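Down below is the structure, laid out as structure tokens.
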Amino acid sequence: MKASVIVFPGSNCDRDVKVALEKFQIPTTMVWHQETTLPPTDLVVLPGGFSYGDYLRCGSMASKSKVMHEVVKHAEKGGYVFGICNGFQILTETNLLPGALLRNNKLKFICKNVFVKTINNKIAFTKKIPEQKVLSIPIAHNEGNYFASKDQIKALQDNQQIVFQYCDQNGTINSESNPNGSFLNIAGITNKNKNILGMMPHPERVIDSLLGGIDGEGIFQSLL
192 MKASVIVFPG SNCDRDVKVA LEKFQIPTTM VWHQETTLPP TDLVVLPGGF SYGDYLRCGS
252 MASKSKVMHE VVKHAEKGGY VFGICNGFQI LTETNLLPGA LLRNNKLKFI CKNVFVKTIN
312 NKIAFTKKIP EQKVLSIPIA HNEGNYFASK DQIKALQDNQ QIVFQYCDQN GTINSESNPN
372 GSFLNIAGIT NKNKNILGMM PHPERVIDSL LGGIDGEGIF QSLL
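Below you can see the structure in the form of structure tokens.
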């Protein structure tokens, strides 16, 4: 497998993702957002950060970057795409994933470790993670409040597109374990074809015990 990490002005987790991918022997190329082609690649990663300073809406300006035309083509051909935090926001802005990420319900930036439950471990991104496994993964966002229409939510449920939900350490999904007001405690979703994953937590930040945990390893192991 080969990976490409898209770098936008304001990206701040691009190198972190590269380190994580290469730890699992996935050759990785950094691709500047103004490029008009992608190198030969199986996986495209849209990293976390604050692309274009989060002006207008988070991810809205990045979604119009030149390279995104190729990312969309890659996804439509069945190529894997992984959006983390700001990358998730960009995926909704390009309509590669349904819904939108709104301001956190308490209108404050949140940076802390949270618990998420693995709801679907049947996709390429999670098949090495036991079903219902509770993971401790950090979040760092101001707009992580997932919102979608009733029809979109029903489709997500019917097609098993909800991949991660915020929970407590025992796996209980409730309002107390919801850090940002996200509908149904949604922390990560996939598209109908299951080749695109968007999630707000940062698994690339917990891939080594020296960094405070290894609960993010399962995603990268699954991609292999």
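Residue numbering for the sequence shown follows my numbering, beginning at 192 and increasing consecutively. Ideal Cβ placement from N, Cα and C applies to all residues, glycine included. These numbers come from a predicted model, not from an experiment.
query                                                                                                             : result
Segment limits, alpha helix (DSSP H) that includes Gln348                                                         : 341–349
Stretch pair the segment 343–355 + the segment 222–242: three plus CB contacts closer than 8 Å                    : no
Spatial neighbours of Lys324 in its chain, beta-carbon cut-off 7 Å, leaving aside the 5 residues before and after : Thr309
The segment 325–333 / the segment 391–408 touching (three or more Cβ pairs under 8 Å)                             : yes
Contact the segment 369–382 vs the segment 285–292: 3+ CB pairs below 8 Å                                         : yes
Supposed contact pair Phe316 and Leu414 - C-beta distance, whole angstroms, cut 8 Å                               : 6 Å
Phe338 versus Gly201 - alpha carbon distance                                                                      : 24 Å
Spatial neighbours of Lys193 in its chain, beta-carbon cut-off 8 Å, leaving aside the 5 residues before and after : Ile217, Pro218, Thr219, Thr220, Pro230, Pro231, Thr232, Asp233, Leu234
Collapsed DSSP secondary structure at Lys318 in the structure displayed                                           : coil
Cys276 to Asn336 span [Cα, whole Å]                                                                               : 11 Å
Reference Arg294; option with closest CA among Lys313, Pro370, Asn312                                             : Pro370
Cβ neighbours of Gly404 in the same chain (closer than 7 Å, five flanking residues each side left out)            : Ser327, Val397
Pairwise C-alpha distance: Asn311 and Gln412                                                                      : 16 Å
Residue burial classification, Glu261 (beta-carbon count within 10 angstroms, cutoff 16)                          : buried
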